[in-house]
Every structure is written in structure tokens, then in C-alpha cells.
């Protein structure tokens with residue numbers, strides 16, 4: 002049995018392929034996490050006739066386990082205690098290699114990945130293509146999740162600067178940073194109603210639209226050259242600091258994972274995103 006730390010996946014890119022995972026699925030410290038969301042917004046959800054998951058996968062409900070339900074925000078990041086309890090219940094240790102996937106291909110897994118990053122957990126990756134790509138390739142699946150009675154020892158320590166609130170976004174409007182919005186074009190332009198009641202239509206001033214669907218090729222991300230071309234049309238350089246927003250902080254992380262995978266280093270999640278900005282009438286909109 003090989004040691005996954007000696008054969009780490011693409012550390013800088015935070016993505017692993019189905020081939021890599023199939024080759025390392027029995028590695029000693031590997032933990033596979035299905036980070037699904039019951040509510041899929043912004044795309045037509047994939048619906049399965051029967052349940053299946055990756056072998057040894059452990060269940061993580063992003064909305065139940067990785068959101069702070071004491072917050073007024075819809076999908077607020079968890080606090081340190083909540084995150085620590087959630088990953089310890091999954092049996093995750095400080096030296097674990099965590100690979101996250103979801104059943105939509107690329108949807109909620111990037112949000113779970115960024116939550117790990119915000120909480121100071123380094124060795125965490127996303128499976129490019131998730132469950133549908135795994136199934137498409139005819140790989141082995143399981144009919145139920147793996148559970149463990151052994152608590153892990155990993156703990157959270159928030160890394161400052163990886164997530165922000167509306168005050169910080171307001172302060173960088175019309176500066177040399179970039180603000181990218183992952184919602185669809187019609188919602189960005191205010192030509193389609195928001196799915197949440199009481200949320201204004203429009204977008205953050207000086208922000209640019211990058212619908213998350215543009216970054217995807219069916220279930221997986223586009224190739225790196227295509228991703229670079231897309232980002233270069235909206236962001237001056239790889240040294241530009243980028244703030245990411247969407248409807249409620251979920252699909253913005255799809256953009257963040259792509260950005261990190263092609264070399265952008267200063268990336269920040271606006272956690273409340275448009276659900277927060279659009280309900281605050283003191284904040285400007287376009």
C-alpha cells in the first residue's frame with residue numbers, strides 16, 4: 002500500500018483526475034468525500050434513478066454540515082468548531098489526503114474544497130468530473146457510503162484573507178482588483194429575477210460576469226488553455242487580486258478552483274455573495 006503523501010496529486014492545482022484517483026484509491030491516508038447538495042441552483046440538476054457513490058466515499062452534506070446556521074446569510078461558512086466537528090466525524094486526520102467530489106460533476110465540491118482551505122486544511126483536492134465522469138468511464142462504485150466510528154484528529158484554524166464580507170467588497174469597487182460574478186448572464190444584467198425572494202436584480206458595480214458554466218466541458222473543467230483565455234478576457238494578469246461572487250457563495254468557488262488551477266494566487270470568496278448584497282439596500286448596484 003503506497004503512501005499518498007509521497008505521491009500527492011497536483012498540489013498547486015487542487016484537482017485530481019479520475020485516473021489518478023483510481024490508481025490511489027487504496028492509499029493509506031486517502032479520504033474520499035461526497036460533498037453533495039440537495040438543492041442545485043443555476044443549472045439543470047442531474048437526477049439518478051439509483052444511488053451510487055465512489056468506493057469508500059464518506060457523506061458530507063454541504064448545506065447541513067458546512068454552513069453556519071446561526072448566520073443570517075444563506076450559505077455562510079461554518080465556524081471553526083462546527084468545521085472541526087464535521088471533519089472529525091468523517092474520520093479525517095491532520096495528515097489525511099482528502100479528495101472531494103459531488104454528484105453533479107463540478108458543482109458543490111469546489112465550495113467544500115474552499116471551506117477546507119479557509120479552515121487551514123492544506124491537502125484537499127477536487128475530483129474533476131465527480132461522480133458522473135466516474136460513472137461515464139465505467140469505474141467501480143458502491144451502493145452506500147462508508148462510515149467510521151473513529152473520530153479524526155484534524156482541527157480548524159482559519160486562514161485570514163480567503164473570505165470576506167460586503168464591506169471589503171465595497172471598499173475595492175473601481176480599484177485595481179477584479180470582481181467576478183459566477184451567475185448566469187441574465188441574472189447578472191438584471192434581466193432575470195433572482196430565485197430568492199427579496200433580492201434585488203443586477204450586479205456589484207465594476208464586477209464582470211463569468212458564468213460558471215463557461216468553465217465546464219460537460220462534467221469536467223475545460224482544458225487549461227481554454228480556462229486561461231476565458232480569465233485573461235476579464236482579469237488583467239495572474240497577479241491581480243480577484244474577488245469571487247455568485248448567488249450565495251457556492252458556484253463562485255467553481256470559478257475559484259479554476260483560477261487557482263491556472264496560477265492565480267490572490268483569490269477571495271465573497272461569502273454572502275449576491276444574496277447578501279442584493280438584500281442590503283444601502284449597497285450600490287448596477
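Residue numbers (my numbering): 2 to 287. The beta-carbon is built from N, C-alpha and C at its ideal position, and this holds for glycine as well. In this text the structure is predicted, and so the values were computed from the model without any measurement.
Through-space distance from residue j to residue i, alpha-carbon basis
i	j	result
residue 48	residue 120	31 Å
residue 113	residue 162	17 Å
residue 70	residue 80	10 Å
residue 15	residue 210	24 Å
residue 56	residue 174	46 Å
residue 142	residue 97	22 Å
residue 108	residue 255	7 Å
residue 239	residue 265	5 Å
residue 23	residue 63	24 Å
residue 88	residue 233	36 Å
residue 129	residue 25	15 Å
residue 186	residue 212	7 Å
residue 126	residue 287	35 Å
residue 39	residue 61	11 Å
residue 13	residue 196	Caution is warranted here: a pLDDT of 44 is assigned to residue 13, below 50, making its placement in the model unreliable, and the coordinate value is therefore given only provisionally. Their Cα atoms are separated by approximately 35 Å.
residue 131	residue 65	20 Å
Simplified DSSP assignment, three categories, for residue i
i	result
residue 256	helix
residue 90	helix
residue 140	coil
residue 261	helix
residue 50	coil
residue 118	helix
residue 182	strand
residue 7	Reliability of the predicted coordinates at residue 7 is poor, the pLDDT of 38 falling under 50, and no value is obtained from them.
residue 286	coil
residue 170	helix
residue 132	helix
residue 78	coil
residue 31	strand
residue 152	coil
residue 1	Lying outside 2 to 287, the shown extent of the chain, residue 1 is not represented and no answer is given.
residue 193	coil
residue 110	helix
residue 22	helix
residue 55	coil
residue 105	coil
Burial state of residue i, where buried means 16 or more other Cβ atoms lie within 10 Å
i	result
residue 103	buried
residue 272	buried
residue 124	buried
residue 182	buried
residue 259	buried
residue 218	exposed
residue 52	exposed
residue 50	exposed
residue 230	exposed
residue 262	buried
residue 19	buried
residue 160	exposed
C-beta contact flag for residue i and residue j at 9 Å
i	j	result
residue 146	residue 59	yes
residue 43	residue 252	yes
residue 188	residue 208	no
residue 105	residue 41	yes
residue 165	residue 269	yes
residue 220	residue 228	no
residue 152	residue 116	no
residue 184	residue 278	no
residue 36	residue 94	no
residue 133	residue 257	no
residue 204	residue 216	no
residue 250	residue 75	yes
residue 245	residue 180	yes
residue 122	residue 99	yes
residue 118	residue 178	no
Residues sharing a beta bridge with residue i, DSSP
i	result
residue 268	243
residue 165	271
residue 62	37
residue 217	222
residue 290	Summary: the structure shown does not reach residue 290, with the chain confined to residues 2 through 287, and so no result is reported for it.
residue 146	Bridge partners of residue 146: none, in fact.
residue 126	100
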